[in-house]
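Asks: Take a look at this one; I'll ask things after.
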Amino acid sequence: MNEQNNDRLKQKILLVDDSELIWKILGEQVRSLGHIPLWAANGMSALAMCKKENPALILLDIMMPQMDGFEFLEYLKGNPALKKIPVIVVSGHDGTDRVVKGIELGALDYMPKPVNTHILAARINAALSARLLAEREERYKLDLEKYNLTLEDRVRERTRELNETKLEVIDRLARAAEYRDNETGLHVVRMSHFSHLLAIETGLDEKTCELILRASPMHDVGKIGIPDHILLKPGKLDPDEWTHMKEHARIGGEILSGGKSELIQMAETIARTHQEKWDGTGYPLGLREREIPLCGRIVAICDVFDALTSERPYKKAWPEVDALGLIEAQKGIHFDPDLVGAFKKIFPKVLEVKEKFSDSQLPRGNPLTAQPKRGHAVPGMIPDRKS
């Protein structure tokens, strides 16, 4: 209560009345309450005084020359800078219509003349308390808005950090599989960007394209489950070894199965289906044509292209144009014919990605298990290591 009294101490109260006698009487009463009286003889002068002094309260007569009390109220409440100033109508004309009109125009209260000193004191204190509470509420709202904005920023930043951490873990998991296979981590970077470009070219929505970009690096995560003597063999695999190697698609799907996020679900689909072929001769499920999910068909082309144009322990890198020629030759056999056409359209962008993420930027493969390079693969065949 003391805080409210201190806040109300020495408040400026504007008295708007064309009678100097009334002003002096009200002024003395206001002064006796510890406040500072200001005077204006009409609505025009009162508006000027409001803009200059910003009073805490206005005691307003209705019948005045130039601008009466009703006109003043309309202008005051229509002005964003002044409309929060509380107004008590003090008038000798106490007709009900006038009282109602004053309240409708925004007056806080009404008092008839002659003014009772005790009632005036109570009304002034009540009006100042109401304004004080309104100002405090406004401050609390502003503080709350600032707090909410700060909290939203923190939540947004934390969400961003969690997403970045999730993507980094996924990236590390993908690179772990490549590391065991004598490949640089840039293979998954390149083929994921190829896949993103191809997804965009096919007209997929932005969200799906982004999912393919983030999920495709995990296409070969199942290689984690392939024994080293098979995975790291420098030459061609015998039939039994090839049977084991083909298990990486199934293993990858199992590793990623049951995920709740769209990203992991997409990654599972890609890992499980990127080795399927358009004619149904792929693995592990022998799916054909559009039975193969679109994301798997997209990654199949991009993975093969990067594999062809990158050095491996069992082959040299193919020229990019030759690799594109082989992909065209496999249209309708290994690859979706429509996607092959789309890949040709984005080929210049593919070459830009290939250059940007060249293996020359990093040391080759795993330095602990690197093997001597073998000869160039036979032209016209996809080097899948099968003997």
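Mapping the sequence shown onto numbering that gives the first Met the number 0, position 179 (from 1) lands on 178, and the numbers just tick up by one. Beta carbons are placed, not taken as given, at the ideal position from N, Cα and C, and that holds for glycine.
In whole angstroms, what separates the C-alpha of Lys330 from that of His273?
Replies: The straight-line gap from Cα to Cα measures roughly 15 Å.
Asks: Using CA coordinates, which residue listed in Ser194, Ala120, Arg135 is at the minimum distance from His34?
Replies: Among Ser194, Ala120, Arg135, the Cα nearest to that of His34 is on Ala120.
Asks: Alpha carbon to alpha carbon, how far is Glu144 from Tyr435? Give it in angstroms, no decimals.
Replies: Any answer about residue 435 is impossible in this case: the structure gives the chain only from 0 up to 386.
Asks: On the DSSP bridge list, what partners appear for Asp108?
Replies: Bridge partners of Asp108: Ile87.
Asks: Measuring alpha carbon to alpha carbon, tell me which of Leu75, Pro79, Gly94 ends up nearest Val86.
Replies: Minimum Cα distance to Val86 is reached at Leu75.
Asks: Name the residue from Val220, Arg155, Lys51, Gly105 whose alpha carbon lies nearest to the alpha carbon of Thr389.
Replies: Because the chain is modelled from 0 through 386, residue 389 falls outside the range shown and cannot be assessed.
Asks: Return helix, strand or coil for Ile291, following the three-state DSSP convention.
Replies: Of the three classes helix, strand and coil, the one that applies to Ile291 here is coil, per DSSP.
Asks: With a cut-off of 8 Å, do at least 3 Cβ pairs link the region 145-155 to the region 59-78?
Replies: These segments do not touch.
Asks: CB-CB under 7 Å to Ser191, same chain, minus the five flanking residues each way: which ones, in chain order?
Replies: The answer, listed in chain order, is Leu212, Ser215, Pro216.
Asks: Output the distance between the C-alpha atoms of Glu19 and Ala40, rounded to the nearest integer angstrom.
Replies: Each residue's alpha carbon lies about 8 Å from the other.
Asks: Helix, strand or coil for Trp22, going by three-state DSSP, please let me know.
Replies: Note: Trp22 maps to helix in three-state DSSP.
Asks: Quick one: residues in its chain with C-beta nearer than 7 Å to the C-beta of Leu210, no 5 flanking neighbours on either side, listed in chain order?
Replies: Counting only Cβ-Cβ distances below 7 Å, and skipping sequence neighbours, we find Glu261, Leu262, Met265.
Asks: Count the other CB atoms, across all protein chains shown, that sit within 10 Å of the CB of Leu166; report buried if there are 16 or more and exposed otherwise.
Replies: Per the 10 Å Cβ criterion, exposed.
Asks: Could you tell me which residues DSSP pairs with Asn38 in its beta bridges?
Replies: According to the sequence as given, residue 38 is Trp; it is not Asn. Leu14, per the DSSP bridge assignment.
Asks: When the Cα of Phe52 is compared with those of Ile84, Leu293, Arg30, which residue comes out closest?
Replies: Per the sequence shown, residue 52 should be read as Glu rather than Phe. Glu52 has its Cα closest to that of Ile84, out of Ile84, Leu293, Arg30.
Asks: What residue range does the beta strand (DSSP E) around Ile57 cover?
Replies: Element bounds for Ile57: 56-59.
Asks: Between which two residues does the alpha helix (DSSP H) harbouring Tyr74 extend?
Replies: Run containing Tyr74: 68-77, per the alpha helix (DSSP H) assignment.
Asks: Find the nearest neighbour of Leu350 within the set Val298, Arg189, Gly295, judged by alpha-carbon distance.
Replies: Among Val298, Arg189, Gly295, the Cα nearest to that of Leu350 belongs to Arg189.
Asks: Have a look at the DSSP bridge pairing and note the partners of Arg249.
Replies: In DSSP, Arg249 forms no bridge with anything.
Asks: Where do the N-terminal and C-terminal ends of the alpha helix (DSSP H) with Ser194 fall, by residue?
Replies: Residues 185-200.
Asks: Is DSSP giving Leu231 helix, strand or coil here?
Replies: DSSP places Leu231 in coil when its eight states are reduced to three.
Asks: Give me the Cα-Cα distance between Thr207 and Asp321, rounded to the nearest whole angstrom.
Replies: Going from the Cα of Thr207 to the Cα of Asp321 covers about 30 Å.
Asks: Among residues of its own chain, excluding the 5 on either side of Trp317, which ones have a beta-carbon nearer than 6 Å to its beta-carbon?
Replies: So the list reads Leu307, Thr308, once near-sequence residues are dropped.
Asks: Taking all protein chains shown into account, decide if Pro362 is buried (16 or more other Cβ within 10 angstroms of its Cβ) or exposed.
Replies: Here the model assigns Pro362 a pLDDT of 49, short of 50, so the residue's position is not dependable, and the following value carries that caveat. That one is exposed.
Asks: How would you write the range of the alpha helix (DSSP H) that His243 sits in, first residue to last?
Replies: His243 -> alpha helix (DSSP H) spans 238-244.
Asks: Based on DSSP bridge pairs, tell me the residues matched to Arg311.
Replies: Its beta-bridge partners are Lys314.
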